[in-house]
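Right, one structure below, let's go through it.
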Amino acid sequence: MSAPIPAGGTARALTRRLDAAPDRLALYAALSDGGRRRDTMLLEALAGPSLILDQAAARIECRGFDVVLTALGTGGRAVLASVARGLPHRVLEAAADRLVLRFPPPLGDDAEARLLAPSPFDALRAVTTALRSDTPDEPFALACLGVIAFDHVDFLEALPAPAEDPLGFPDYVFWLAESLVVFEQGLAPRLVCTGFAGEEEGARHAHYAAAERLAALAARCEQVSQVRSSRAKSRGAGTAAERAPLDFARDERDGGLALVPPRPAPVEAEADLDDAAYGAVVSRMKEHILAGDVYQIVPSRTFRAPCPDPLLAFAAVRRLDPSPYMFFVAAPDHILFGASPETSVRVLREEGWPVVEVKPIAGTRPRGADADDDDRMEADLRLDGKEIAEHMMLVDLARNDVARVSVPGTRRVARLMSVERYARVMHLVSSVKGVLGIGYDACHALAACLNVGTLSGAPKLKATELLRRAERTRRGPYGGAVGWLNGEGAMDTGVVIRSAVVKDGTAFVRAGAGVVHDSDPRKEADETRRKASAVLSAIAAATAAGGAA
225 MSAPIPAGGT ARALTRRLDA APDRLALYAA LSDGGRRRDT MLLEALAGPS LILDQAAARI
285 ECRGFDVVLT ALGTGGRAVL ASVARGLPHR VLEAAADRLV LRFPPPLGDD AEARLLAPSP
345 FDALRAVTTA LRSDTPDEPF ALACLGVIAF DHVDFLEALP APAEDPLGFP DYVFWLAESL
405 VVFEQGLAPR LVCTGFAGEE EGARHAHYAA AERLAALAAR CEQVSQVRSS RAKSRGAGTA
465 AERAPLDFAR DERDGGLALV PPRPAPVEAE ADLDDAAYGA VVSRMKEHIL AGDVYQIVPS
525 RTFRAPCPDP LLAFAAVRRL DPSPYMFFVA APDHILFGAS PETSVRVLRE EGWPVVEVKP
585 IAGTRPRGAD ADDDDRMEAD LRLDGKEIAE HMMLVDLARN DVARVSVPGT RRVARLMSVE
645 RYARVMHLVS SVKGVLGIGY DACHALAACL NVGTLSGAPK LKATELLRRA ERTRRGPYGG
705 AVGWLNGEGA MDTGVVIRSA VVKDGTAFVR AGAGVVHDSD PRKEADETRR KASAVLSAIA
765 AATAAGGAA
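Residues in the sequence shown are numbered consecutively from 225, following my numbering.
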């Protein structure tokens with residue numbers, strides 16, 4: 225059974241509150257050189273803290289059953305040494321700045337045994353437990369931020385060989401934060417700079433280095449706040465341009481983003497499966513549904529388009545479709561950005577207990593033109609038998625997943641088919657919760673609950689197997705999760721949808737459609753194009769605005 229790794233070093237965080245609250249996107253743009261500096265990240269959450277990863281101590285990247293930990297500074301070397309001491313039997317290669325761990329493939333048919341068996345999640349677990357936090361009142365003293373790809377499911381299940389992999393996205397990539405900006409509702413933003421050390425002498429040096437980083441980060445934040453404040457005064461508040469639907473153009477003075485009037489932005493994208501080929505996939509999936517193999521399944525396809533400025537495109541997505549999870553991840557070889565409405569897996573304390581939560585979303589209507597129209601749309605959604613049946617199927621999946629890692633008798637449906645309204649659409653949303661069982665942690669919850677049924681189907685394992693055989697390429701992060709977990713065992717992740725992966729100047733936008741027994745192949749193909757068009761339109765608008773700036 226997976227167990228916490230013995231502490232082999234210390235992590236001490238220094239914190240400071242900011243006097244002013246800079247705009248999150250503008251601050252990230254300034255700190256990351258307009259999104260060009262790799263190993264940085266912006267994660268915005270409606271219901272929890274929003275985070276800017278400015279500097280990381282280490283990168284943790286998994287491909288297959290190998291996990292490579294890379295030290296990105298002196299503190300990272302202490303982390304790698306501690307992890308190596310905690311997982312000695314998994315070490316394949318070890319150097320000061322690089323550690324390679326290898327894990328065995330899943331064996332046997334017992335799902336519970338596979339959940340508790342050694343897996344690449346042990347490396348992620350080790351990073352947040354191998355060092356002892358000397359700052360117990362700071363939840364982000366030990367914090368990992370990152371992305372888990374849909375294809376990580378190979379850790380846990382024996383599936384058909386993966387399809388083509390044009391993206392080459394890792395099965396997961398996380399960063400152990402060294403310098404963070406934390407935004408919380410009702411509080412001034414705070415800076416968290418952590419020093420990592422393996423012994424006492426190193427701890428003093430790490431403390432001084434963290435203090436220097438904290439002072440430099442505070443000065444940069446203050447500079448961004450002052451520049452934007454002076455710009456707002458000179459521009460005037462509430463201009464017509466700011467109230468209209470907007471494109472964006474980069475302002476190189478502070479790496480921030482300034483607004484320009486909208487311009488036409490036609491969407492031109494190439495799909496890996498044309499409409500006819502995708503329709504044929506839908507027809508094959510319907511045959512499996514009629515045969516009783518699955519009840520519902522979500523085949524997807526990928527659209528490609530040029531994306532010369534990913535941060536500009538993210539700014540457009542963020543402004544035009546504000547969502548509970550908005551993210552920009554600058555990995556070494558890829559950039560991932562998007563705006564997702566759906567929680568993937570969350571582990572937070574409620575009344576002192578660690579509670580795991582999954583929030584299935586299924587059932588959609590556009591927002592109405594006014595309040596009365598909104599109410600009519602909501603009533604139509606609540607009375608749609610097909611939408612309700614599909615939603616309840618996903619609630620049942622979530623109940624099963626949460627029960628796997630919950631104390632018996634604590635799993636419950638906390639909210640059933642409520643309607644949440646967003647900028648452009650409304651969704652049916654439910655919440656399934658359970659008290660996390662003894663012997664389980666956030667990584668076990670991830671392993672038990674991912675991938676969510678919303679992006680795979682029901683039953684999940686059979687649906688995933690069929691998708692592997694039917695889809696032309698590996699999914700990469702699409703349908704996976706993006707978020708954070710910390711040394712206290714807390715975690716919050718969102719589903720990676722309404723997103724783009726950018727590699728070598730090309731954006732890959734993936735979208736799927738839920739297929740049931742009476743689905744129409746042509747309509748489902750149209751549905752994937754409609755879903756992808758929201759992100760593709762933002763990319764096109766940003767490209768047009770950037771070219772004119």
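Note that CB positions come from ideal geometry on N, CA and C, so glycine has one too.
Item to check | As assigned by DSSP and simplified to three states, the class of H429 | outcome: helix
Next on the checklist: Mapping the DSSP letters down to three states, classify S547 as helix, strand or coil.
Outcome noted: coil
Next on the checklist: If contact is defined by three or more beta carbon pairs under 8 Å, each pair taking one atom from either stretch, is the segment 246 to 260 in contact with the segment 360 to 370?
Outcome noted: no
Next on the checklist: Helix, strand or coil for H741? Go by DSSP, reduced to three states.
Outcome noted: coil
Checklist entry - For A671, which three-state DSSP category applies? => result helix
Next on the checklist: Taking its Cβ as the centre, do 16 or more other Cβ atoms sit within 10 Å of L760, making it buried, or is it exposed?
Outcome noted: buried
Checklist entry - Can the beta-carbon of D545 be found closer than 8 Å to that of A269? => result no
Item to check | Integer Cβ distance of V554 from S256, believed to fall under 8 Å | outcome: Residue identity check: residue 554 is Ala in the sequence provided, not Val. About 6 Å separates the two Cβ atoms, so the contact holds.
Checklist entry - Can you tell me whether DSSP reads G576 as helix, strand or coil? => result coil
Next on the checklist: How far does the beta strand (DSSP E) with K727 in it extend, from its first residue to its last?
Outcome noted: S723 to K727
Item to check | C-beta atoms of V303 and R322 nearer than 8 Å | outcome: no
Item to check | Spatial neighbours of I662 in its chain, beta-carbon cut-off 8 Å, leaving aside the 5 residues before and after | outcome: V631
Checklist entry - Any idea what DSSP makes of S256, helix, strand or coil? => result coil
Item to check | Pair within 8 Å by beta-carbon distance, A529 and I763 | outcome: yes
Item to check | Three-way DSSP call (helix, strand, coil) for H376 in this model | outcome: helix
Item to check | DSSP bridge partner residues for Y396 (one or two, in chain order) | outcome: C286 and I372
Checklist entry - From A433 to V324, what distance separates their C-alpha atoms? => result 27 Å
Next on the checklist: Runs of 3 residues minimum, wholly inside the segment 265 to 321: which ones carry the beta strand (DSSP E) assignment?
Outcome noted: 274 to 287, 290 to 295 and 315 to 318
Checklist entry - So, are the CB atoms of A373 and F393 less than 8 Å apart? => result yes
Item to check | Which of helix, strand or coil DSSP assigns to A464 | outcome: Below a pLDDT of 50, predicted positions are generally treated as unreliable, and A464, at 35, falls in that range; no measurement from the model is reported.
Next on the checklist: Taking only three categories from DSSP, how would you classify I558?
Outcome noted: For clarity, residue 558 is His in the given sequence; the question names Ile instead. Of the three classes helix, strand and coil, the one that applies to H558 here is coil, per DSSP.
Next on the checklist: Contact between the segment 508 to 522 and the segment 667 to 675 is defined here as three or more beta-carbon pairs at a separation below 8 Å; is this criterion met?
Outcome noted: no
Checklist entry - What do you reckon, are the CB atoms on D499 and A271 nearer than 8 Å? => result no
Item to check | Contact set for A694: own chain, Cβ-Cβ below 8 Å, skip 5 residues either direction | outcome: V505, R508, M509 and P523
Next on the checklist: For I612, report the span of its alpha helix (DSSP H) as first-last.
Outcome noted: G609 to R628
Item to check | Rounded Cβ spacing between G233 and E402 (contact assumed at less than 8 Å) | outcome: Their Cβ separation, rounded to whole angstroms, is 14 Å, which puts G233 and E402 out of contact at 8 Å.
Next on the checklist: Please state the DSSP three-state secondary structure of Q409.
Outcome noted: coil
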